[in-house]
Amino acid sequence: MKFDTPATQNPIDRMTVVGKPIERIDGQLKTTGRAKYAYEWHDDALSYAYGYPLGAAIAKGRIRAMDVSAAARAPGVITIVTSDSMPDLKTAKRNTAKLFGGREIHHYHQAVAVVVAETFEQARAAAHLIKVDYEETKGAFDLEASMEGAKKPEDGEPDSAAGDFAPAFEAATVQFDQTYTTPDQSHAMMEPHASIAAWDGDALTVWTSSQMIDWWRSDLSVALDMDKEKIHIMSPFIGGGFGSKLFLRSDAVLAALAARAARRPVKVALPRPFLMNNTTHRPATIQRIRIGAGQDGKITAIAHESWSGDLEGGGPEAAVQQTRLLYAGANRMTATRLAVLDLPEGNAMRAPGEAPGLMALEVAMDEMAEKLGQDPVAFRILNDTQVDPEKPEKAFSHRDLIGCMTLGAERFGWDKRSTRPGTVRDGDWLVGMGVAAAFRNNMVMPSGARVKLDREGILTVETDMTDIGTGSYTIIAQTAAEMLGLPLDRVAVNLGDSRFPVSSGSGGQWGGNSATAGVYAACVKMREAIAQSLGFNAESIDFADGMVISGDRRVPMADAVREVPLVVEDTIEYGDISEEKQQSTFGAHFVEVGVDIATGEVRIRRMLAVCAAGRILNPMTARSQVIGAMTMGVGGALSEELAVDKKRGFFVNHDLAGYEVPVHADIPHQEVIFMDETDPMSSPMKAKGVGELGLCGVAAAINNAVYNATGIRVRNYPVTLDKLIGALPQIS
Amino acid sequence: MKSFTYERATSVEAAAKAAASHDAARFIAGGTNLLDLMKLEIETPTHLIDVNTLGLDTIEATSEGGLRIGALVRNTDLAADERVRRDYGLLSRALLAGASGQLRNKATTAGNLLQRTRCPYFYDTNQPCNKRQPGSGCSAIDGFSRQLGIVGISSSCIATHPSDMAIAMRALDAVVETVGADGAKRSIPIADFHRLPGDTPHIETELKKGEIITAVVLPKPIGGKQIYRKVRDRASYAFALISVGAVIQPDGTGRVAVGGVAHKPWRLDAADEDLPSGPGRVTRRLLLDAEPTEHNAYKVKLVERTLGAVLAEAKG
């Protein structure tokens, strides 16, 4: 189905199943442990061996020699695959760091060997016996020190401009110029990367944990230099990804190589420290923001420049992205610069670009509002725009930032915020409120699905879409049930299998809207097939309660099925419509914090998110997405930082004791409001993404609340007590 | 994890003897720290002696009016004990500030005193660390040291002892009772139990080869306001950046021990004596010889302010 005109009335608009707060249909499988995750596939017919990876002990250099003699003799060891024994594996276009092979070491914990043994413990013990002789070379590990040599990236749209920023800024009555930093962050999802690989002749099956089945399949075929069609990927359940599982990782490659060498299926799970140093992370940024405005508070000039680093050939963190679209202002520029660093690969983490970009921009807006003597909510509303400010001819498909701000302010009790920082006390706590706008672009991706109707009237949906904890199973079932007028328990959903039609996958908050739109397309075909089978006119029939209805005729849907099930397949594809209007999602985050007056410990007291993201397909799973994102925002604001050892070139705090994500005790009452809206430009579902929107702006709102509580402005994240302690008021 | 042999101890004396007869034996009780370290091959014992069979899991009154806490009393049980809660509130509070419910159910009194540092370089076997591999150097001093020690440190090691419980034990003047490999009993005041790193940071306590802890004895209660304040980046399940354990009497005198700043619970008589003069003076005494790094210099001010809050709470 080609989506090239705005959606009109369609069966989804009935909202009898779609839009309802339905508990996730895979919930029971998960809570009872029956949902099988990548490492948990146990087929009795297969005799698994265990692979344990060894990571490079240096950040940059080369392997002079590897001695595996002691490891090879260790109990239970079947085989050892070493990097120096093979050429560099080909790097697929979506990977920057090479995943295995050769002698060159590009980053710490780059995989240099995998030991295969009868048990996990034997493999791990033997891996410790491998001796590697390295020749270490000097690397660049410090972003700030590398800023001067940073270059304009070749790909994408690193820079942009409209009007003439410099003179407009110069002429502005009120000028603001500040620099912010955000640290490297880790996805730190619960389930580490894990794969089981099994060869059958020249065909390979990999059970893994992947957000993007087809990307993995393609990229694994490049890495292994084999026919993509010979690879079967399975990833039906995923224990979190946050972008870390978008792109092929070393676990799958190591498992495949190890299984080939061992002539047995092999399981490989990356040890936790590998998550930080072997896989990807969100890169650190340095961001300079300049804003010029008239005394009336109207922005006349705005500039956002960002620096980040990555391995040679990598990409930048697109932290200036939202600044091109969020606020009005005739004169503007953005610039993105990329330094080469020899740290592990930087890449997408939940809301790449906007998440760190808003950490800076929305604090700058708070600072500017104060400078102008304006309320931060009013200042944002004043500078709202209904068109792309760089391309004023391009309107937003739907934009309700003002609605989010206004409703949020009212519900949160924003009028009770003291305009004088550091003046509200509650016992030993300094109390403050903060606000930030949320913004994340809405991307749409082609997405396919197959639907089958059997004689029992059960509709089965198959697509290689993934459920990374988001609720894909549930909203897909809701979509199919709505389209065919079936109760939810007549719909089965199978996901995460490369034998199914290629879907949008899960990433960039495009999955919910795109994958259900693909199911919508397939269901439209199914409706036609049913009509044809029953001899009904497809134009005038209705589907409800498991019945096909045409005028006075009511026929059970299963009657459309003769000897074999009805099977149809379709893919939603997008014409120029996604370019006609600017599609984005909007929100407002309100946060109240307490700061311990003695120690500077920051604790969240309450949070509210208001989201405008098109039709909400399931308010329960969407809410779960948003409160999870808000929680991630708390981590980003207050504790999460991959500490760089600038001498040795690696992330030091590479476990969950050292890399602190929020725990239950850190998260108080959270409230989420969804604006009642649809966006007919996005897809027939009229939905948009919300899973990343929930994160965008949270950290800035917290940081602004800390300022409101203490009068201390922290421009280097995370906002930890050591950055506050020197400026807190005297206590008696 | 390296292969090891395993036995269940039949008596305290036999356990001590067995431990002394192996090159690299370790006692195992809750295993909450040791097992993790073995998996990472930071600890590589060749023999494990399971002491969970030894009893030593009761809390009994002493004839001096104090409590004898068996080495194997679990952290959860110790924190919940009515006598501890009534007379040694500092100890209960410190215990409950540590780890998680699950870990406290397994972790023992003696094991808690013997837990290893949480210095991140100690945990990465690719990095030099004098504590893990004597003579290899210290990566932390010029590395990432935000959470590490500022006082009593050496050029070999700036690690801290991570225990909350030990801070309370130090302020309460607990005594560690042991049995040696030769069957001899001894009592070691907690002040002397943990060592400073010096140039042998791998030697962390005064325990001799084979020597096993049987109990920790608390002297009779000293009353006062007993406060444990743990400062950390998140609200739970994190090691202390710094912590302050204090017992403050109505007249303002008392004791204070500080965690998260040194290789052992940090308490000085001279600082105790200065308690009535307020947090500034006490902190200056406590941290007189502090040599913080750029990353952990904040701890000096943090100790002073936290102590100030503790003293204010004691007064209120």
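Chains as they are written, first to last, in our numbering: chain A, 4 to 735; chain B, 539 to 854.
Built from N, CA and C at the ideal position, the CB exists for glycine as well.
| Any C-beta of chain A under 7 Å from that of N664 (chain B) | yes
| Cα-Cα, which of B:R612, B:R624 and B:A719 is closest to E551 (chain B)? | B:A719
| request: Could you tell me the distance, in whole angstroms, from the CA atom of L102 (chain A) to the CA atom of V84 (chain A)? | output: 13 Å
| Of the listed residues A:M688, A:A690 and A:A59, nearest to T282 (chain A) (C-alpha basis) | A:A59
| request: Anything in the stretch 588–622 of chain A with a Cβ closer than 7 Å to a Cβ of chain B? List those residues in chain order, please. | output: A601, T602, E604 and R606
| said: Quick test of the definition: if touching needs 3 or more C-beta pairs under 8 Å, does the stretch 388–397 of chain A touch the stretch 685–698 of chain A? | reply: no
| field | Neighbour flag for S815 (chain B) against chain A, beta carbons, 7 Å | value | no
| query | Taking just the CA atoms, how far does R27 (chain A) sit from F539 (chain A)? | reply | 34 Å
| query | At a Cβ threshold of 7 Å, is G846 (chain B) touching chain A? | reply | yes
| message | Rounded to the nearest angstrom, what separates K746 (chain B) and T663 (chain B) at their Cα positions? | response | 26 Å
| said: At a cut-off of 6 Å, would you count N664 (chain B) as near the ligand FAD, judging by its Cβ distance to the nearest heavy atom? | reply: In the structure on display, the ligand FAD does not appear, and there are no ligands present to speak of.
| field | DSSP-derived helix/strand/coil call for T591 (chain B) | value | helix
| query | Any Cβ of chain A within less than 7 Å of the Cβ of M539 (chain B)? | reply | yes
| field | CB contact check: I734 (chain A) to chain B, cutoff 7 Å | value | yes
| request: Could you check the C-alpha separation between P788 (chain B) and L385 (chain A) for me, to the nearest Å? | output: 58 Å
| task | Kindly indicate the opening and closing residues of the beta strand (DSSP E) around N497 (chain A). | result | V494 to N497
| Span of the alpha helix (DSSP H) holding S149 (chain A)? | L146 to S149
| said: Suppose the cutoff is 7 Å on Cβ atoms and the five residues either side in sequence are ignored; what does the same chain contact list for A632 (chain B) look like? | reply: D702, M703, I705, A706, Y766 and G783
| query | When you compare only the Cα positions, how much space is there between Y626 (chain B) and A554 (chain B)? | reply | 30 Å
| request: Verify whether the separation of the beta carbon atoms of H131 (chain A) and L314 (chain A) is less than 7 Å. | output: no
| query | Thinking C-beta only, is F682 (chain B) closer than 7 Å to R669 (chain B)? | reply | According to the sequence displayed, residue 669 (chain B) carries Lys and not Arg. The answer is no: Cβ separation not under 7 Å.
| Within chain B, the residues that K2 (chain A) reaches when beta carbons sit closer than 7 Å | As displayed, chain A neither begins before 4 nor continues past 735, which places residue 2 (chain A) out of reach and without an answer.
| query | Taking only beta-carbon atoms, is L634 (chain B) less than 7 Å away from chain A? | reply | no
| field | Enclosing alpha helix (DSSP H) for W752 (chain A) [first to last residue] | value | Chain A is shown only over 4 to 735; residue 752 (chain A) falls outside these bounds and no answer can be derived.
| query | With 16 as the cutoff for other CB atoms within 10 Å, does E598 (chain B) come out buried or exposed? | reply | exposed
| Is D444 (chain A) helix, strand or coil when you go by DSSP? | In the sequence under discussion, the amino acid at residue 444 (chain A) is Asn, which differs from the Asp named in the question. Note: N444 (chain A) maps to strand in three-state DSSP.
| Whole-angstrom distance between D648 (chain A) and P735 (chain B), CA atom to CA atom | 23 Å
| Cβ-Cβ separation, L696 (chain A) to T588 (chain A) (assumed contact under 8 Å), whole Å | 5 Å
| message | Residues of the stretch 751–783 of chain B in Cβ contact with chain A at a cutoff of 9 Å, in chain order, please. | response | R767, V769, R770, D771, R772, A773, S774, Y775, A776, F777, L779 and I780
| field | Bridge partners - N719 (chain A), DSSP secondary structure assignment | value | A:T184
| Identified DSSP bridge partners for A452 (chain A) | A:D573
| message | If the cut-off is 7 Å on Cβ atoms, which residues from the stretch 663–696 of chain A count as contacting chain B, listed in chain order? | response | E663, P665, V666, A668 and D669
| Which runs of the alpha helix (DSSP H) spanning at least 4 residues fall entirely within the stretch 188–269 of chain A, listed in chain order? | 216–226 and 253–265
| task | Could you work out which residues of chain B lie near E124 (chain A), taking near to mean beta carbons separated by less than 8 Å? | result | M539
| request: Select from A:N334, A:V71 and A:A52 the residue whose C-alpha is nearest the C-alpha of R267 (chain A). | output: A:A52
| request: Count the C-beta pairs between the stretch 141–156 of chain A and the stretch 305–324 of chain A that are closer than 8 Å, then say yes if the count reaches three, no if not. | output: yes
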